[in-house]
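Those protein sequence lines, which keep their order, are chains Y and D.
Going letter by letter, the first sequence gives residues 1 to 143 in the working numbering.
Going letter by letter, the second sequence gives residues 144 to 286 in the working numbering.
Glycine included, C-beta positions come from ideal geometry on N, C-alpha and C.
Worksheet: the structure to be examined is printed underneath.
There are 2 protein chains.
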Amino acid sequence: MAAVAGKALGDSAFSAPGQRGTRQRRVIREWLGTSAAFVSAQQVREGIAAKGDAVGLTTVYRTLQALADAGEVDVLRTDTGEALYRKCGTGHHHHLTCRSCELTIELAGPPSVEKWSQSTADEFGFNDVQHVIELSGTCSNCR
Amino acid sequence: MAAVAGKALGDSAFSAPGQRGTRQRRVIREWLGTSAAFVSAQQVREGIAAKGDAVGLTTVYRTLQALADAGEVDVLRTDTGEALYRKCGTGHHHHLTCRSCELTIELAGPPSVEKWSQSTADEFGFNDVQHVIELSGTCSNCR
DNA sequence: ATTGACAATGACAACCGTTTTCACTTAGAG
DNA sequence: CTCTAAGTGAAAACGGTTGTCATTGTCAAT
Ligand SMILES: [Zn+2]
Ligand SMILES: [Zn+2]
Ligand SMILES: [Zn+2]
Ligand SMILES: [Zn+2]
């Protein structure tokens, strides 16, 4: 689904007209691809710095936001309100996240909840239902 | 479950030894009881002010946090990171919330997901699983 | 290869919700 | 009533995020 028109080694975001390909965006997107965990903007910047590249924090924020808007990364909020980002698959999915290290596994939700979600919304007269299902726990490494 | 020992017309929080019953706490808790929507600390203060009472914002924050710690209110984060609070029932439940006015209905989750949650966690070696299930939509009033 | 228009960058300041500080007030036990 | 520790709230500090704006870099057109 959602095949990119044309370009073969396509990077979907930043290919729209008026969007330029810069070193910073390449580096950020590349680094995100190496992290299985949800990470903060600060962590993205530090991780990139540790590899010798430097990107301004403002640029990290803007790029992450653009990627989130493009649907290329998922965003969630910690209980302190901080935003965490992760490069995820494109289809509908949920997460199993370690509360200690934020390691995350993508899950296909149980099919029954999709129905349940819709019928419950109908029952109470709500439209345009969306559902959020997140599992969290402690991974074997963090035991 | 979690019956309060002794006191009959019990208010669970603020009844521990060393906890004092103040006007501010009474007013905040009372006002929360009248709101079916998730509300911010600011909104709590404004709502109380509109009824002629005045409570410092710091006190609102502290009281909401104490109530949350005591399990008397649920907390969730908006997509901007702001904390919203709601006086909910004590049992395990989920929410159907209007994205426009934050009106919220408490739901019993579909029994199947409780099992699914546990078995999925087991499968990936995660311990102490918790799950968050939130439905959102547009309520009939906000249509 | 050179140019030029305009998107992108990043140091810095502003922002805003939340927490901390601290001098003052007050509930409630004795 | 009195005394003490809990509570209050104005103001300052805090931290993540966003806005500003002068400078830099991309890339289409020449
Ligand atoms: Zn995801
Ligand atoms: Zn872990
Ligand atoms: Zn609730
Ligand atoms: Zn509504």
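- Taking a Cβ-Cβ threshold of 8 Å, none of the residues of chain D is close to Y:A36; the smallest such distance is about 12 Å.
- D:T247 counts as buried, since no fewer than 16 other beta carbons sit within 10 angstroms of its beta carbon.
- In its chain, beyond the 5 residues on either side, H131 and I133 have a beta carbon closer than 8 Å to the beta carbon of Y:V113.
- Listed along the chain, the chain Y residues whose CB falls inside 7 Å of the CB of D:T281 are F126, N127 and D128.
- Remark: the C-beta of D:N270 is outside contact range of ligand 2, defined as less than 7 Å to any heavy atom.
- Put simply, the segment 93 to 108 of chain Y does not touch the segment 52 to 59 of chain Y. Fewer than three CB pairs are less than 8 Å apart.
- Within the chosen limit of 7 Å, ligand 3 reaches the beta carbon of D:C231 through at least one heavy atom.
- Nearest CB-CB separation between Y:A121 and chain D: below the 8 Å threshold.
- Ligand 4 has a heavy atom closer than 7 Å to the beta-carbon of D:S243.
- Assignment of D:K258 by DSSP, reduced to helix, strand and coil, places it in the helix class.
- Taking 4 residues as the shortest admissible run, the segment 181 to 256 of chain D contains the following complete alpha helix (DSSP H) segments, listed from N- to C-terminal end: 184 to 193 and 200 to 212.
- For Y:G52, the closest alpha carbon among the candidates Y:Q24, Y:A70 and Y:E72 is that of Y:Q24.
- In the three-state DSSP reduction, D:T263 falls in the helix class (H, G or I).
- Counting only Cβ-Cβ distances below 9 Å, D:H235 has no contacts in chain Y at all, with the closest Cβ about 15 Å away.
- Inter-residue distance for D:R188 and D:V198 is about 7 Å (C-alpha atoms, whole angstroms).
- Under the 8 Å criterion on CB atoms, Y:A66 is classed as non-interfacial with respect to chain D.
- According to the DSSP assignment, Y:G33 belongs to the alpha helix (DSSP H) that extends over R23 to G33.
- Contact note: D:E257 does not reach chain Y at a C-beta cutoff of 7 Å; the least C-beta distance is about 11 Å.
- Taking C-alpha positions only, Y:V75 is separated from D:V218 by approximately 18 Å.
- Short note on Y:E72: C-beta not closer than 7 Å to any heavy atom of ligand 1.
- Remark: the C-beta of Y:H131 is outside contact range of ligand 3, defined as less than 7 Å to any heavy atom.
- Annotated as proximal: Y:G137 and D:F269, with beta-carbon spacing under 8 Å.
- If you check the C-beta of D:T247 against ligand 4, you find no heavy atom less than 7 Å away.
- Linking D:A264 to Y:L135 through their CA atoms gives a straight-line distance of about 8 Å.
- Shortest gap from the CB of D:T221 to any heavy atom of ligand 4: 7 Å or more.
- Looking at the DSSP output, Y:V132 shares a beta bridge with D:E277.
- Contact between Y:L107 and Y:H95 holds, since their C-beta atoms are separated by about 7 Å, short of 8 Å.
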